[in-house]
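Chemist: For the record, in the sequence shown the residue sitting at position 212 is 226 according to the numbering used here, with numbers rising by one throughout. First the structure, then my questions, so here it is.
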Amino acid sequence: MALPSDHLNPATQRERFAWCMYDFANSGYTTVILTAIFNAYFVGVIAAEHGSGNATLLWSITMAAANVLVLLSAPVVGAIADCSGAKKRFLTVTTVGCVSFTALLYFAGPGDIALAVILVILATFMFASGENLIAAFLPEISTPETMGRLSGYGWALGYFGGLLTLALCLIYVTHAEQQGMEAAHYVPVTNLIVAVLFAVAALPTLLWLRERVDVAASFDSQHLIRAGFGRLGDTLRQARLHIDLFRFLLSLTVYYAGIYIVIVLAAVYAQEVMGFKTQDTIVLIMVVNVTAAIGAFLFGHLQDRIGSSRCIAITLLIWIAAIVCAYWATDEGLFWVAANLIGTALGGAQSAGRALVGQFTPAGRQGEFFGLWGLATKLSAIIGPLTYGGMVYLFEGDHRIALLSTLAFFIIGLMLLATVNEQRGREMAKIVY
């Protein structure tokens, strides 16, 4: 069992920096593998022989399969991490796993569908599990009054991490294309760039971030699993005490479905509808990362003043405007407007959502509650891309019609958000049980 330790000692600036650095480290995976390069490479090269509609659906199913694994495991893994005092140990395992499987994507070429699917599922599972675990440290190293700001700093630094990764990939891709290489030769190298940067940038987190409880000297796996399920059961039985948390998680599940459509299919849309080349897409995502970093920073400060739920509502209105612009865009000008609106809203929505869950979380149950957050976001990652991929398939490759589903997710999510009482949720987090 976990034993009380120095949880009352305040976190140092170095420790907070180390926590933010994990966002910097893992953002390259999201940006390059899921958003900008590898997803379009999978549709346009690895599975190209099956046609755009079928390949898009296959990528969507791959994302869904990875997130089903996270959905099933996240709350229990978080509860076990809380019981054992081993969040950092779990985080180390998921980091090494994501780095390793990402590097192995180097070997996935044209026609290697099974290999690519298996490696992406494993890497995404490790990435998403690590994302939940690092988020669980947030309430331990900040106060409710500064949580939004620190979360915003992390997201902002994360977007710069994604920007650096993309910049290195762009330099290499430009050089490779000048040498006359095809995508099948230079895209695999970008996977190695992501893996190396992730491994190096995560070192401050793994070295400096502290547990606030002592790690048990030995692990009784059966006992920890029972304890993990037991704590999760307690939380679900006490759901009435955390009604605003569960209302928010429902809202988040819906609007995050729209966000995940954009994250994993934006490059595909740019390639298939707007005619973007690999270099064009990289530049687009680099600019979006800058606006997203600005959005995360600004909304991080704003939410500590006006509240996280109000900030999320503002970002959802921006999302709605962005999707309308993207739907009507027939030239690059309006599409670039939509992309920068998306960047601003993306940074703000993700930062404020993580902070709000932290504010609704009782002391000592961070891993468990952020596991529930992970469950909600990964359910979104299943629903959103599958909805989009299914519509592309049904409408014979028409990405514009499929984009309308994204708009619906944001509108419904905004309506559900209106039922959340942020102040009441913060008060309920103070109850000990």
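Backbone N, C-alpha and C fix where the C-beta goes; we use that ideal spot for every residue, glycine too.
To the nearest angstrom, report how far apart Phe-262 and His-189 are at their CA atoms.
Modeler: 46 angstroms
Chemist: Do Gly-176 and Ser-41 have their C-beta atoms closer together than 8 angstroms?
Modeler: yes
Chemist: Using the Cα positions of Ala-366 and Phe-383, report the straight-line distance between them to the nearest angstrom.
Modeler: Going by the C-alpha atoms only, they are around 16 angstroms apart.
Chemist: Please name the residue in Ile-415, Pro-399, Leu-431 and Pro-158 whose C-alpha comes closest to that of Thr-76.
Modeler: Pro-399
Chemist: Report the three-state DSSP secondary structure of Asp-258 (helix, strand or coil).
Modeler: The answer is helix: DSSP assigns Asp-258 an H, G or I state.
Chemist: Phe-290 by DSSP, collapsed to three states: which one?
Modeler: coil
Chemist: What span of residues does the alpha helix (DSSP H) with Lys-102 cover, start to end?
Modeler: 101-118
Chemist: Per the contact definition of three or more C-beta pairs closer than 8 angstroms, is the region 424-439 in contact with the region 314-330?
Modeler: yes
Chemist: Rounded to a whole number of angstroms, what is the C-alpha to C-alpha distance between Val-268 and Phe-423?
Modeler: 6 angstroms
Chemist: Please state if the CB of Ile-135 and the CB of Ala-80 are separated by a distance shorter than 8 angstroms.
Modeler: yes
Chemist: When you compare only the Cα positions, how much space is there between Gly-67 and Phe-52?
Modeler: 17 angstroms
Chemist: Does Thr-44 come out as helix, strand or coil in the three-state DSSP assignment?
Modeler: helix
Chemist: Could you say which of Gly-166, Phe-104 and Glu-225 lies nearest to Ala-363 if we only look at CA atoms?
Modeler: Of Gly-166, Phe-104 and Glu-225, the residue nearest in Cα terms is Gly-166.
Chemist: Excluding five sequence neighbours on each side, which residues of the same chain lie with their C-beta closer than 7 angstroms to the C-beta of Ala-352?
Modeler: Ala-336, Cys-339, Ala-340 and Ala-343
Chemist: Here's the rule I'm using: 16 or more other beta-carbon atoms within 10 Å means buried, otherwise exposed. How should Leu-171 be labelled?
Modeler: buried
Chemist: Using alpha carbons as the reference points, say which of Phe-141, Val-131 and Tyr-283 lies closest to Val-113.
Modeler: Nearest in C-alpha terms to Val-113, of all of Phe-141, Val-131 and Tyr-283, is Phe-141.
Chemist: Regarding Lys-291 and the ligand NAP, is the C-beta to nearest heavy atom distance less than 7 angstroms?
Modeler: The ligand NAP is not part of the structure shown, which contains no ligands of any sort.
Chemist: Any idea if Gly-289 is buried or exposed, counting beta-carbon neighbours within 10 angstroms, 16 or more meaning buried?
Modeler: exposed
Chemist: How many Å lie between Ala-216 and Glu-410 at the Cα?
Modeler: 42 angstroms
Chemist: Take Leu-355 as the anchor and find which of Val-302, Tyr-402 and Gln-373 has the nearest alpha-carbon.
Modeler: Shortest Cα-Cα distance from Leu-355 to any of Val-302, Tyr-402 and Gln-373 involves Val-302.
Chemist: Determine, using beta-carbon pairs with one atom in the region 307-316 and one in the region 152-161, whether at least three such pairs fall under 8 angstroms.
Modeler: no
Chemist: For Gln-193, does the count of other Cβ atoms within 10 angstroms reach 16, so buried, or fall short, so exposed?
Modeler: exposed
Chemist: Which parts of the region 314-399 are runs of the beta strand (DSSP E), unbroken and 3 residues or longer, counting only runs that do not cross its ends?
Modeler: none
Chemist: State the Cα-Cα distance for the pair Arg-368 and Ala-149, rounded to the nearest angstrom.
Modeler: 7 angstroms
Chemist: Less than 6 angstroms between C-beta atoms, sequence neighbours within five positions excluded: which residues of the same chain meet that for Leu-348?
Modeler: Cys-339
Chemist: Counting beta carbon pairs with one atom in the region 177-187 and one in the region 198-208, are three or more of them shorter than 8 angstroms?
Modeler: yes
Chemist: Which one of Leu-118, Thr-45, Val-406 and Thr-420 has the shortest CA to CA distance from Val-304?
Modeler: Comparing Cα positions, the closest option is Thr-45.
Chemist: With contact counted as at least three CB pairs below 8 angstroms, one residue from each stretch, are the region 291-299 and the region 412-421 in contact?
Modeler: no
Chemist: Among Phe-174, Leu-386, Ala-327 and Lys-102, which has the Cα closest to the Cα of Ala-307?
Modeler: The candidate whose alpha carbon is nearest that of Ala-307 is Phe-174.
Chemist: Since Phe-151 is in the alpha helix (DSSP H), which residue starts that stretch and which ends it?
Modeler: Judged by DSSP secondary structure, Phe-151 falls outside any alpha helix (DSSP H); it is assigned neither H nor E.
Chemist: Would you mind sorting Thr-108 into buried or exposed? The rule is 16 or more other CB atoms within 10 Å of its CB.
Modeler: buried
Chemist: Could you check if Gln-27 is buried or exposed, using at least 16 other CB atoms within 10 Å of its CB as the buried criterion?
Modeler: exposed
Chemist: How about Val-449 and Ala-197: do their beta carbons lie closer than 8 angstroms?
Modeler: Because the chain is modelled from 15 through 447, residue 449 falls outside the range shown and cannot be assessed.
Chemist: Would you kindly work out how many angstroms separate the C-alpha atoms of Glu-286 and Val-406, rounded to a whole number?
Modeler: 11 angstroms
Chemist: Cutting at 7 angstroms between CB atoms, please list the residues of its own chain near Ala-61, excluding the five before and the five after it.
Modeler: Ala-69, Leu-72 and Ile-127
Chemist: Just the C-alpha distance for His-413 and Ala-25, rounded to the nearest angstrom, thanks.
Modeler: 47 angstroms
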